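Structure, as structure tokens:
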């Protein structure tokens with residue numbers, strides 16, 4: 001991959017002197033900052049932008065590491081053939097007209113890819129804006145040079161963006177708002193060959209990159225991507241487009257690939273330690289904060305001190321902190337005494353700390369109230385971070401940013417600033433804060449949101465960096481394996497649970513019967529009350545079909561119910577008799593095969609309310625025990641799991657074992673498309689699968 005980032009010589013196929021064409025912009029951008037050899041390629045010109053032009057890449061009188069291709073799509077195969085003859089190692093195709101346009105474009109894209117793979121050439125793109133390296137002033141892109149006039153701002157955040165114009169938008173926004181610098185922006189387009197699974201490992205080793213941000217419409221090689229992100233030393237932030245139905249449709253037309261189930265994507269990102277952003281600005285804000293704040297794990301409890309010039313702003317800050325699970329720190333008596341020395345006697349010190357009365361009291365003394373307050377709260381063991389409110393343009397508020405940054409670094413505690421004030425002065429303050437590595441926000445909610453992300457990463461337990469040990473899945477019996485190999489579609493409930501039992505998943509005591517006599521014998525053995533269900537091949541939602549009867553307490557009711565079920569099924573199918581299980585929590589567990597991530601497991605609130613509350617969490621199989629435990633902790637209904645209204649807490653270790661087993665089933669049997677265990681009822685004696693369906697493809 002180094003020939004894409006550090007080429008010694010670049011050929012520009014489709015170069016032109018026409019200033020309104022992308023081929024001209026590519027050459028101009030290279031001349032402006034790239035230090036290697038530049039070879040414009042166009043048979044119609046002798047020179048382009050003062051450089052000798054060549055009729056073909058193979059005619060260039062020196063070695064070429066990288067070719068940037070900007071020609072019509074139909075001309076691209078000839079350009080690739082020319083690069084093959086020259087021995088070019090990497091080709092960046094920035095022009096469009098490929099898979100994003102439809103069937104003909106997909107065929108053309110595949111033809112180009114086949115040619116390159118046969119020759120051992122790596123392809124970047126097509127339909128992309130290329131690469132911008134702000135640290136080394138390299139622009140391998142057809143971006144209009146006028147958009148770069150503000151100058152590239154070097155930094156330590158690198159982006160991988162699956163949208164050409166969006167990558168340009170990020171750059172212009174970064175350069176003109178003064179809030180952060182950038183290391184590299186990689187626009188990957190259709191990801192014909194080079195994708196995030198190639199770029200992220202390279203950026204993980206790049207000394208100029210501290211944080212990696214990605215906007216992805218599809219995740220190529222999902223399981224490989226998860227392994228790359230798992231336990232990454234550098235923070236990875238992902239904004240995933242195409243998570244809704246309409247968004248997925250747009251993603252398919254934009255990048256010609258599937259966008260994936262939004263909950264599965266979010267679940268796998270959380271499982272592998274990736275931070276998921278919800279919008280573009282949030283992604284950039286999180287990236288810049290992580291780049292500014294040292295990533296050192298600690299025993300942080302997340303206590304925050306709020307230093308404000310306004311009591312009202314302090315109240316709102318407290319509300320936001322509580323909403324996001326960050327405690328407002330209880331200040332130590334020593335801290336309060338140190339602050340009280342600069343406060344008026346009538347003003348008791350509390351967190352949030354309203355500094356305005358202290359500034360009024362000391363207006364003529366020259367005491368640095370912000371500095372004194374910062375020293376006091378940063379020394380407090382209960383304080384792990386400071387949220388500082390600043391109003392620029394007010395003569396009484398003076399902030400010494402270099403001192404503030406030194407205080408923060410010395411204490412090992414981040415300081416986040418919420419900024420108000422005059423526009424020009426606010427902009428200057430932001431740029432100065434960027435130079436000092438202090439995050440500044442003009443929206444209070446976003447400041448707290450990003451502070452939460454940083455604090456969660458600082459205090460993350462080792463379990464959040466998952467390991468790969470999962471144990472060997474135990475295969476089913478040969479008889480069951482033969483059944484799985486030849487059956488298809490939905491398996492009935494009884495057979496599905498027989499398969500679950502082979503993986504030590506606890507299931508309800510039950511039996512299938514064909515007549516009334518068998519029904520009564522089974523009910524007597526199991527013990528009343530029982531549940532009776534009609535079993536039909538292909539029938540999944542038995543409740544909706546009226547084939548489920550609960551709380552059958554005697555022979556006469558069982559006899560009558562059997563005849564009702566027999567009539568409803570038209571004499572086809574069998575009747576399932578099972579123990580009527582009562583518990584205090586109903587859960588849904590499952591497995592499905594995602595096109596991007598393969599077998600994934602799920603846990604959620606279950607029973608008939610599963611689709612109403614939709615409280616569920618997903619993870620990619622295989623899972624180890626710690627990952628499965630972490631998955632149970634991602635449900636919203638934690639109160640139910642911890643014991644609610646006098647009920648005992650759920651045995652999470654048992655749940656984790658079941659979740660791990662479901663993942664192993666999916667890994668062992670590639671023909672299993674879905675497993676639905678709903679409900680899994682938690683009783684005082686443990687969890688039991690009461691209903692289940694396995695769907696084979």
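In this note's numbering, the protein residues as written are 1 to 697. Glycine is no exception: its CB is placed at the ideal position from the N, C-alpha and C atoms. Note that this is a predicted model, so its numbers are computed, not measured.
For residue i and residue j, I'd like the C-alpha separation in whole angstroms.
| i | j | result |
| --- | --- | --- |
| residue 168 | residue 225 | 25 Å |
| residue 211 | residue 410 | 22 Å |
| residue 255 | residue 105 | Here residue 255 scores only 33 on pLDDT, less than 50, and its place in the model should not be relied on; the value that follows carries that caveat. The straight-line gap from Cα to Cα measures roughly 11 Å. |
| residue 354 | residue 209 | 38 Å |
| residue 111 | residue 76 | 10 Å |
| residue 418 | residue 161 | 29 Å |
| residue 172 | residue 543 | 56 Å |
| residue 187 | residue 216 | 10 Å |
| residue 503 | residue 98 | 47 Å |
| residue 347 | residue 588 | 54 Å |
| residue 58 | residue 44 | 16 Å |
| residue 382 | residue 452 | 16 Å |
| residue 265 | residue 221 | 13 Å |
| residue 537 | residue 580 | 23 Å |
| residue 501 | residue 568 | 29 Å |
| residue 555 | residue 275 | 57 Å |
| residue 344 | residue 399 | 21 Å |
| residue 526 | residue 510 | 7 Å |
| residue 113 | residue 289 | 39 Å |
Using DSSP with H/G/I as helix, E/B as strand and the rest coil, what is residue i?
| i | result |
| --- | --- |
| residue 445 | helix |
| residue 202 | helix |
| residue 172 | helix |
| residue 503 | coil |
| residue 436 | helix |
| residue 627 | helix |
| residue 55 | coil |
| residue 391 | strand |
| residue 39 | strand |
| residue 368 | coil |
| residue 562 | helix |
| residue 34 | coil |
| residue 670 | coil |
| residue 49 | coil |
| residue 586 | strand |
| residue 315 | helix |
| residue 412 | coil |
Give me the DSSP bridge partner(s) of residue i.
| i | result |
| --- | --- |
| residue 578 | 510, 531 |
| residue 212 | 158, 236 |
| residue 218 | In the DSSP output, where bridge partners are listed per residue, residue 218 has none listed. |
| residue 66 | 10, 90 |
| residue 675 | 591, 694 |
| residue 133 | 138, 184 |
| residue 360 | According to DSSP, residue 360 bridges with nothing at all. |
| residue 346 | Looking at the DSSP assignment, residue 346 forms no beta bridge with any residue, so it has no partner. |
| residue 276 | 238 |
| residue 744 | The structure shown does not extend to residue 744, since the chain spans only 1 to 697, so no value can be given for it. |
| residue 600 | 592, 620 |
| residue 686 | 683 |
I'd like the list of long-range same chain contacts for residue i, defined as Cβ closer than 7 Å, with 5 residues on each side in sequence excluded.
| i | result |
| --- | --- |
| residue 691 | 493, 678, 679 |
| residue 606 | 586, 587, 588, 678, 679, 680 |
| residue 25 | 142, 143, 144, 145 |
| residue 36 | 7, 8, 9, 10 |
| residue 519 | 513, 558, 562, 575, 577 |
Could you round the C-beta distance between residue i and residue j to whole angstroms and report it? I think they count as a contact, below 8 Å.
| i | j | result |
| --- | --- | --- |
| residue 277 | residue 156 | Residue 277 to residue 156, Cβ: 18 Å. No contact. |
| residue 384 | residue 455 | 7 Å |
| residue 574 | residue 514 | 6 Å |
| residue 661 | residue 499 | The pair is not a contact, with the Cβ atoms about 11 Å apart (cut-off 8 Å). |
| residue 237 | residue 283 | 6 Å |
| residue 603 | residue 659 | 6 Å |
| residue 623 | residue 663 | 5 Å |
| residue 130 | residue 141 | 4 Å |
| residue 374 | residue 407 | 5 Å |
| residue 693 | residue 490 | 6 Å |
Taking 8 Å as the limit between beta carbons, can you name the residues of its chain near residue i, skipping five residues before and five after?
| i | result |
| --- | --- |
| residue 685 | none |
| residue 327 | 301, 302, 303, 304, 321 |
| residue 46 | 52, 53 |
Less than 6 Å between C-beta atoms, sequence neighbours within five positions excluded: which residues of the same chain meet that for residue i?
| i | result |
| --- | --- |
| residue 425 | 392, 393 |
| residue 444 | 418 |
For residue i, would you say it is in contact with chain C, using Cβ-to-Cβ distances shorter than 9 Å as the test?
| i | result |
| --- | --- |
| residue 652 | Given the protein chain composition of this structure (a single chain), no chain C is represented. |
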